[in-house]
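What follows is a set of notes on a single structure, which appears directly below.
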């Protein structure tokens with residue numbers, strides 16, 4: 001239906017605007033005229049009939065009054081004379097006077113018999129329209145008494161004349177309206193339709209010839225004029241767009257050509273990056289081979305110094321030469337370490353190991369190591385605020401390296417000046433940060449040099465390298481370490497006046513990169529080493545017959561460590577391969593095993609896994625030692641401690657002290673309702689010389705404790721029937737005899753903050769079931785006991 005309507009109206013859509021306007025104006029005028037004609041006709045008709053009624057009634061009334069006497073006296077002649085007055089009124093065709101209750105006319109007009117048919121109306125009072133004539137009947141009264149009736153018949157000739165005149169008027173109006181319409185159409189043509197037609201013709205020409213530079217002429221300032229302006233602006237924009245499209249085509253060709261060049265450059269860059277990564281991987285993998293001979297040089301020089309120092313005769317010259325060899329070896333090792341570190345960073349193999357440490361102790365250690373160099377250059381070394389920072393959870397080795405690099409640079413590039421290390425703790429948006437500022441009054445850095453400062457192998461200028469030495473890696477490594485720990489290093493300096501480096505690190509660092517996963521072992525990133533790798537340790541004490549198994553493929557390491565350990569009473573057995581070490585560990589009982597990681601055949605990781613999976617060797621604590629720190633993996637596989645080569649003799653001896661066998665007969669109470677957990681701990685303690693007392697709930701534990709008041713240690717589960725671990729703790733802490741007994745909690749329960757706070761107050765340690773092995777448990781027990789009864 002809609003399509004048919006559209007088709008029917010199609011002809012109208014093809015009509016020009018000019019014709020539409022003419023038809024519209026003429027149609028509107030005719031419609032208006034028609035409405036006026038109808039309205040006038042209706043009003044004239046109503047007016048005419050109303051007036052005619054009034055005239056007839058007036059005429060009848062006058063004639064009735066004049067005819068009263070004639071009717072009263074039966075004077076027909078006088079009545080005829082009264083009716084003859086109607087000759088002056090052409091519209092009255094007939095008239096008749098009737099006496100009261102008479103059926104025949106008393107008098108008639110214009111002649112006798114003319115009033116035929118009017119007798120029926122006598123006796124009524126009113127006016128009636130009958131087809132094409134009016135009839136009126138009026139009572140004739142004398143002294144308010146009706147004596148007869150007057151009936152008149154009138155035609156409509158006047159109305160017909162009026163209609164002819166009205167029609168003539170309408171014809172004149174129609175002709176005038178047509179003339180006016182033509183005049184209006186002509187005006188609209190010149191002012192509206194003609195400009196629109198010209199604009200349409202111009203638009204067709206532009207569309208046909210695609211000439212976007214053509215412009216329409218503007219005649220008026222009305223809407224059509226505004227349309228012309230808009231079309232001209234649009235054409236200008238189209239011309240501009242056409243120019244842009246043309247330029248884009250040219251640019252596209254250039255881009256395609258450049259993409260080809262860029263693709264070649266990217267391929268070249270990728271090859272260079274791959275070559276650089278291959279170099280970095282090679283250097284990282286060569287770390288063992290590069291460091292091993294230096295370890296031997298440093299170790300042998302240390303042995304020679306000890307031997308020469310113990311002789312009675314003077315060998316100061318030899319001691320001095322040996323000292324120089326050792327110093328040169330350590331310096332060379334430091335340079336190699338820097339190169340290997342930057343290579344590991346570039347290769348993406350550098351790992352983060354989070355542990356808790358005292359910032360004050362670390363700063364004291366770093367500052368103490370540099371005081372001699374500061375004194376040699378006549379510098380005043382000032383340290384402030386380290387105690388305010390408190391404990392920090394971060395990578396101890398990397399934070400130490402950052403501080404050492406920046407502070408040593410400040411000391412090296414300052415002479416007869418002041419070097420300051422200022423530490424403070426700040427809180428920003430609810431997070432705690434550690435700020436360390438290293439200030440000096442040295443040579444300073446130029447603005448140009450600052451831009452290149454943290455690039456590897458870069459220094460201020462070649463003269464600086466020749467005068468002060470160095471590889472230019474320290475600052476690059478430091479910034480990389482700071483970024484890995486979630487912080488940053490910034491610098492401000494003025495040439496000739498000094499510099500200030502600001503280290504900003506979170507007090508609790510997070511490992512953002514992927515953690516290393518070991519098959520069959522859960523990696524615990526937050527597990528701290530039992531002994532910090534480089535923290536100062538107490539002086540070693542003599543051991544009496546403690547047995548140590550040393551597994552390392554380097555004979556020089558055996559020579560150095562055997563010399564150091566034998567002198568302090570250790571009995572050392574050596575194995576030059578993993579297989580030989582496993583065989584010795586299975587045949588003999590050792591207090592501790594010192595294990596290298598990088599060995600041909602079976603490496604240290606494989607040997608460690610096999611030691612911990614064998615029931616005859618699982619109880620032996622293992623101290624890993626290697627040229628690179630990977631403590632997290634070692635602890636995950638069951639290592640007890642971790643050392644980085646070159647091994648300091650005093651540090652090794654102090655660590656080995658932790659694993660000497662204590663006096664046998666020590667009692668340990670384990671309270672747990674899980675039979676499997678009880679049996680597992682029983683197996684762990686087999687061969688330790690300790691007496692394990694087991695209880696399956698809190699109440700039984702209290703009974704066993706009351707019977708064995710000399711218990712040295714309590715291992716406690718939290719979730720048990722009858723009496724749980726919290727109730728058990730409350731009971732033993734209330735009893736004076738057991739209030740000081742150390743307690744280690746072993747539980748799988750997820751603790752809330754209140755429970756953690758309670759356990760921190762009343763226990764010495766909390767271990768999560770499934771997250772520790774035999775070595776870790778026994779070492780933790782030994783730690784707690786040693787804290788309460790230190791080794792003399």
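Numbering (UniProt numbering), first residue to last: 1 to 792. The C-beta atom is built at its ideal place from N, Cα and C for all residues, glycine as well.
Could you please give me the residues that DSSP links to residue 126 through a beta bridge?
137
First through last residue of the beta strand (DSSP E) which encompasses residue 624:
622-626
Candidates 318, 485, 730, of which the one nearest residue 761 by Cα:
For the options 318, 485, 730, the alpha carbon positioned closest to that of residue 761 is the one of 730.
When the Cβ atoms of the stretch 415-422 are set against those of the stretch 433-453, are three or more pairs found closer than 8 Å?
Contact holds: three or more Cβ-Cβ distances are below 8 Å.
Taking its Cβ as the centre, do 16 or more other Cβ atoms sit within 10 Å of residue 108, making it buried, or is it exposed?
buried
Taking 8 Å as the threshold (C-beta atoms), are residue 746 and residue 782 in contact?
No. Outside cutoff.
Which runs of the beta strand (DSSP E) spanning at least 3 residues fall entirely within the stretch 359-441, listed in chain order?
380-384, 391-394, 418-428, 431-440
So, helix, strand or coil for residue 508, using DSSP?
Annotated three-state conformation of residue 508 is strand, per DSSP.
C-alpha gap between residue 797 and residue 510, whole angstroms
Only positions 1 to 792 of the chain appear in the structure, and residue 797 is not among them; the question remains open.
For residue 146, name the three-state secondary structure that DSSP assigns.
strand
Host alpha helix (DSSP H) of residue 694 (start-end)
If you look at residue 694, you'll find it isn't in any alpha helix (DSSP H); it sits in the beta strand (DSSP E) that goes 691-695.
Which residues mark the beginning and the end of the beta strand (DSSP E) in which residue 96 is found?
First-last of the beta strand (DSSP E) with residue 96: 92-99.
For residue 677, the three-state DSSP class (helix, strand or coil):
helix
Could you spell out the range, first to last residue, of the alpha helix (DSSP H) harbouring residue 449?
447-451
Report the three-state DSSP secondary structure of residue 719 (helix, strand or coil).
coil
Quick one: Cα of residue 742 to Cα of residue 758, how far?
15 Å
Contact defined as beta carbons within less than 8 Å: I believe residue 695 pairs with residue 689. What is the distance between those atoms, to the nearest angstrom?
Residue 695 to residue 689, Cβ: 21 Å. No contact.
With 16 other CB atoms within 10 Å as the buried threshold, where does residue 621 fall?
Residue 621 counts as buried, since at least 16 other C-beta atoms from the protein chains shown sit within 10 angstroms of its C-beta.
For residue 526, which three-state DSSP category applies?
Because residue 526 sits at a pLDDT of 34, beneath the cut-off of 50, its placement in the model cannot be relied upon, and the point is left open.
Counting along the chain, where does the beta strand (DSSP E) carrying residue 595 start and finish?
592-596
Can you confirm whether the stretch 373-393 touches the stretch 353-364 when touching is taken to mean that 3 or more C-beta pairs between the two stretches lie within less than 8 Å?
In short, these stretches touch, since the Cβ pair count reaches three.
Could you check the C-alpha separation between residue 157 and residue 23 for me, to the nearest Å?
40 Å
Distance between residue 481 and residue 736 (C-alpha atoms, nearest Å)
51 Å
When the distance is taken between beta carbons, is residue 395 closer than 8 Å to residue 354?
yes
Do you know offhand how far residue 423's Cα is from residue 453's?
23 Å
Express the C-alpha separation of residue 429 and residue 273 in angstroms, rounding to a whole number.
39 Å
Would residue 785 pass as a contact of residue 713 if the rule is Cβ separation under 8 Å?
yes
Element boundaries [beta strand (DSSP E), containing residue 571]:
That run of the beta strand (DSSP E) goes 571-575.
Top-ranked residue by Cα proximity to residue 698, from 711, 127, 738, 717
That would be 717, whose Cα lies nearest to the Cα of residue 698.
What is the C-beta distance between residue 673 and residue 600, in whole angstroms, given that I count them as a contact (C-beta under 8 Å)?
Contact doesn't hold; Cβ gap of about 49 Å is too wide.
Would you give the residue range spanned by the beta strand (DSSP E) that residue 667 belongs to?
Unbroken beta strand (DSSP E) run through residue 667: 667-671.
Any idea what DSSP makes of residue 488, helix, strand or coil?
Residue 488: strand per DSSP, three-state reduction.
Alpha carbon to alpha carbon, how far is residue 42 from residue 146?
38 Å
Between 626, 602, 557, 775, which lies nearest to residue 683 when the distance is taken from Cα to Cα?
Distances from the alpha-carbon of residue 683 to those of 626, 602, 557, 775 put 775 closest.
Closest to residue 384 by C-alpha separation, out of 401, 363, 375, would be which residue?
363
Are the Cβ atoms of residue 79 and residue 106 separated by less than 8 Å?
yes
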